[in-house]
Amino acid sequence: MNCPNCQATLEADSLFCTSCGTKISEEAATTQAHEEHAVEATPTAPSAFVEKSKGMSKAYWRFLVPAIKRPFDSSKQTTDSQGDVANGLITLILFAFLTALFPYVLNQVLYNGFFSPSFWNLTFKPFLILLISMAIIIGVVFLTMKLAQAPYSFLKVTTTFATLMVIPMLLTALANIAIILGLHELSAYSVLLAVMLLSLSITATIVALAEATPTKKRIDNFYSVVIVFVMLFIIFALMGEAMIEPLINNLIGDLF
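When we follow the working numbering, the leftmost residue of the sequence shown carries the number 1, and every step to the right adds one.
Put into structure tokens, the structure is as follows:
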């Protein structure tokens, strides 16, 4: 605590200043003590945020490495715990965002922004559509597993699928980086492979869940895959008319 008159350093319970003799009121001492405490406490807030961010980063890295080395085995070991769900959602959101961002980066790098569709139409709308599409994929797989009497929660299906989507997510990141560096062929192959692995991930999710099922399933794995893809074909055909076609029309309208 400091003297309000001469700013000399005093003890917290001082009644008079030892330097100038000024009387220290109780109210002033209390106010200054609170201010000093507030100043000392302030730096701890960002520190807690930084520590939490570091913890999340380390947790995601621990999830990422096994998913790259052994994606199928890792997918069978995931659970519906909060940590696995958080890591899975991060992966799916990154995949959707990086995929939707690719046309924007392509336009900026190759055509110097010559084509001028809005960021909303070119990136944000496709991002939302991709998120909805992946939610539908997970929902269809979940329903099929229910029909096959495989006792898995929706979150378990989500984490299994998300683990298998780590490689496609990294490929979309590579595609964006490659196009910026001028590696056009690598970028194109990365996008194509990511799309192919998306379909493979759906099938692998069904097989991974089926193999981890302790009881005998009512539906064979082959027919489970057929059911999932037939249902997805019907749903996405309807979505194409309701959502994708208007999006394409908006993009064409922005171009011309």
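Where is the CB? At the ideal position from N, CA and C, for every residue including glycine.
Proximity winner among the options, relative to residue i (alpha-carbon distances)
i	options	result
N87	T99, A96, W61, L106	W61
S75	A194, A210, F119	A210
T91	A204, Y189, M231, L164	L164
F142	Q77, I202, S53	I202
L198	A162, L101, A48	A162
G110	H184, T123, G55	Looking at the sequence itself, residue 110 is Leu, so the reference to Gly does not match. Nearest C-alpha to L110: H184.
A237	T172, S133, S224, K217	S133
L89	S47, N107, F154	F154
Cβ pair residue i, residue j closer than 8 Å
i	j	result
V105	N221	no
F72	A208	yes
A148	I234	no
V85	T160	no
A96	L130	yes
T144	V228	yes
M196	L94	no
Exposure label - residue i; buried when at least 16 CB within 10 Å
i	result
P126	buried
T205	buried
K156	buried
L181	exposed
V226	exposed
V191	buried
G240	exposed
F102	buried
A28	Reliability of the predicted coordinates at A28 is poor, the pLDDT of 49 falling under 50, and no value is obtained from them.
A67	buried
T215	exposed
S81	exposed
Same chain, Cβ closer than 8 Å to residue i, neighbours up to 5 away in sequence not counted
i	result
L232	I136, I137, V140, I202
V50	none
Contacts around residue i, its chain only, beta-carbon distance under 6 Å, and the 5 residues preceding and following it disregarded
i	result
T78	D84, T159, T160, T163
S224	T144, A148, I206
Contacting residues, own chain, Cβ-Cβ under 7 Å from residue i (five flanking each side not counted)
i	result
L174	S190
A178	L186, S187, S190
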